[in-house]
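Residue numbers (our numbering): 3 to 321. Every residue, glycine too, gets a C-beta built ideally from N, C-alpha and C.
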């Protein structure tokens with residue numbers, strides 16, 4: 003028996019009400035996945051777990067966030083996973099720049115930056131060159147470059163994979179100084195630390211927050227340079243002081259699938275902004291507190307768009 007026009011209207015209304023109710027339930031009906039593109043123990047992973055813990059209460063009493071690690075390919079695996087997810091707010095990702103915009107330009111990554119809707123930047127974390135304290139590796143960038151000029155690839159540099167901040171800094175140094183180092187990719191900052199401590203690599207290219215012992219003069223690591231505009235604690239010289247104009251930092255933030263609804267994106271952005279002002283979060287952040295740098299998603303996108311154009315121009319110049 004065919005349904006009457008009235009019956010069809012009532013059925014459609016009931017369906018719309020059901021869908022609307024389900025959407026309104028976000029994020030109460032199941033846990034949110036926060037995907038990290040690097041191994042546990044690194045700076046991004048540590049930040050993600052802290053964010054998950056402190057952000058839940060800002061999304062509702064029933065909200066739950068779980069961190070899922072999908073390391074590999076310099077973060078590409080995780081970005082692709084988030085980009086392919088249903089845009090319902092239950093799959094989010096930690097976004098790491100500049101690798102996020104560099105990989106599609108240089109390596110033909112199987113995603114485009116526009117496949118991700120940026121929610122907010124949380125961190126601007128400068129890069130360090132570290133070595134094991136007491137190792138025979140040169141103690142400053144000037145000596146480091148001199149050794150590589152004399153014997154190419156005689157020094158090894160660990161980073162978190164192609165297109166990550168450390169890898170880009172290494173390539174920039176090699177180009178500007180006409181030297182060649184031994185590039186060694188790892189799956190994250192925790193593995194780089196172990197590589198340095200075990201003398202498997204001479205240097206680790208790692209961010210400030212990934213070296214908690216940085217301010218300990220008797221700690222296991224010695225930082226020989228920071229790639230920022232100013233010294234760290236007045237003790238670690240900038241790369242520019244050695245005549246090498248390196249300015250690299252790991253920007254970390256959050257994103258979701260490209261068609262993430264405005265209402266969900268806006269709620270997440272506001273929750274993150276509020277969280278970064280919370281004294282409890284700041285206290286729990288420890289060393290991360292010094293590099294917190296909130297930026298709304300649209301502003302962060304504009305900044306990364308400029309980086310993308312710079313990488314594109316650089317790639318075109320090399321052809």
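Query raised in the report: By DSSP, does residue 234 sit in helix, in strand, or in coil?
Result: Numbered from 1 along the chain shown, position 232 holds the residue referred to as residue 234. In this structure, residue 234 counts as strand in the three-state DSSP scheme.
Requested in this report: Within the same chain, show all residues whose beta-carbon is closer than 6 Å to that of residue 203, passing over the 5 residues directly before and after it, in chain order.
Outcome: Here the question's residue 203 lines up with position 201 in the chain shown. Counting only Cβ-Cβ distances below 6 Å, and skipping sequence neighbours, we find 158, 160, 186, 197.
Query raised in the report: Are the CB atoms of residue 97 and residue 213 nearer to each other than 8 Å?
Result: As a working note, residue 97 is residue 95 in the chain shown. As a working note, residue 213 is residue 211 in the chain shown. Their beta carbons are not under 8 Å apart, which means residue 97 does not touch residue 213 by this criterion.
Report task. Please state whether DSSP places residue 270 in a helix, a strand or coil. Result -> Locating residue 270 in the chain shown gives position 268, where the first residue counts as 1. The answer is helix: DSSP assigns residue 270 an H, G or I state.
Query raised in the report: So, helix, strand or coil for residue 308, using DSSP?
Result: Along the chain shown, one-based indexing puts residue 308 at 306. DSSP places residue 308 in helix when its eight states are reduced to three.
Query - Cα-Cα separation between residue 124 and residue 153, rounded to whole angstroms - result: Position 122 of the chain shown, counted from the start, is the residue given in the question as residue 124. Position 151 of the chain shown, counted from the start, is the residue given in the question as residue 153. Rounded to whole angstroms, residue 124 to residue 153 spans 40 Å at the Cα level.
Report task. Decide if residue 235 is buried, meaning its Cβ has at least 16 other Cβ atoms within 10 Å, or exposed. Result -> For this step, residue 235 is matched to residue 233 along the chain shown. With fewer than 16 other Cβ atoms within 10 Å, it is exposed.
Requested in this report: Taking only the alpha-carbon atoms, compute the straight-line gap between residue 60 and residue 54 and give it to the nearest angstrom.
Outcome: For this step, residue 60 is matched to residue 58 along the chain shown. For this step, residue 54 is matched to residue 52 along the chain shown. Taking the straight line joining both Cα atoms gives about 10 Å.
**Report entry** Secondary structure of residue 84, DSSP reduced to three states
**Finding:** Residue numbering aside, residue 84 sits at position 82 when the chain shown is read from its first letter. Under the three-state reduction of DSSP output, residue 84 falls in the helix class.
Report task. Kindly indicate the opening and closing residues of the beta strand (DSSP E) around residue 36. Result -> By 1-based counting over the chain shown, the position of residue 36 is 34. It spans 34-38 - the beta strand (DSSP E) in which residue 36 sits, taken as one unbroken run.
Requested in this report: Leaving out five residues on either side along the sequence, give the residues of the same chain with a beta carbon under 7 Å from the beta carbon of residue 172.
Outcome: The residue given as residue 172 occupies position 170 in the chain shown. Around residue 172: 159, 161, 183, 185, 207.
Query raised in the report: Nearest to residue 164 by alpha carbon, out of 195, 318, 78?
Result: Position 162 of the chain shown, counted from the start, is the residue given in the question as residue 164. Minimum Cα distance to residue 164 is reached at 78.
Query - residue 141: first and last residue of the uninterrupted beta strand (DSSP E) it sits in - result: In the chain shown, the residue the question calls residue 141 occupies position 139. Going by DSSP, residue 141 is part of no beta strand (DSSP E) at all; its letter is neither H nor E.
Query raised in the report: Can you tell me the Cα-Cα spacing of residue 271 and residue 315, whole angstroms?
Result: Residue mapping note: residue 271 aligns to position 269 of the chain shown, counting from 1. Residue mapping note: residue 315 aligns to position 313 of the chain shown, counting from 1. Distance between the alpha carbons of residue 271 and residue 315 is about 31 Å.
Report task. Please state whether DSSP places residue 291 in a helix, a strand or coil. Result -> Residue numbering aside, residue 291 sits at position 289 when the chain shown is read from its first letter. DSSP, read as helix, strand or coil, puts residue 291 in helix.
Query raised in the report: Quick one: is residue 139 buried, meaning 16 or more other Cβ sit within 10 Å of its Cβ, or exposed?
Result: Here residue 139 is taken as the residue at index 137 of the chain shown, counted from 1. That one is buried.
Query raised in the report: Quick one: is residue 46 buried, meaning 16 or more other Cβ sit within 10 Å of its Cβ, or exposed?
Result: Position 44 of the chain shown, counted from the start, is the residue given in the question as residue 46. Per the 10 Å Cβ criterion, buried.
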